[in-house]
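Here's the structure, in structure tokens; my notes come after.
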Amino acid sequence: MQIMARKTKMMLRVEELYRQPVESLLPKMINEKGLSATAGELSISKATLGYWLLKLRIEVRRIAVSPGEILVVKRDH
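Just so we're on the same page, this note's numbering is the position in the sequence shown counted from 1, plus 342.
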């Protein structure tokens, strides 16, 4: 059972602007641009972005990959 976090007014504004839920928008943006650039594009502080990630239970992990290795992300849903 997934508990839905209550969204802030700013989260709702971002959803309206990008026309998608922040739960799916944030991981995509962070993977493409990184944390700082995502916060900048959304016009929020890095601290606010960190709070949103905690609130929405979005995990950000950093992984080192050697030359010749590949990383595969498996979604469980």
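Backbone N, C-alpha and C fix where the C-beta goes; we use that ideal spot for every residue, glycine too.
Asked, Found
"DSSP state of S408 mapped onto helix, strand, coil", "coil"
"E374 beta carbon less than 8 Å from that of V364", "no"
"Reduced DSSP secondary structure (H/G/I, E/B, other) of V415", "coil"
"Cβ of G382 within 8 Å of any chain D Cβ", "Annotation note: the requested chain D is absent from the structure, which comprises a single protein chain."
"Spatial distance of G376 from V415 (CA atoms)", "17 Å"
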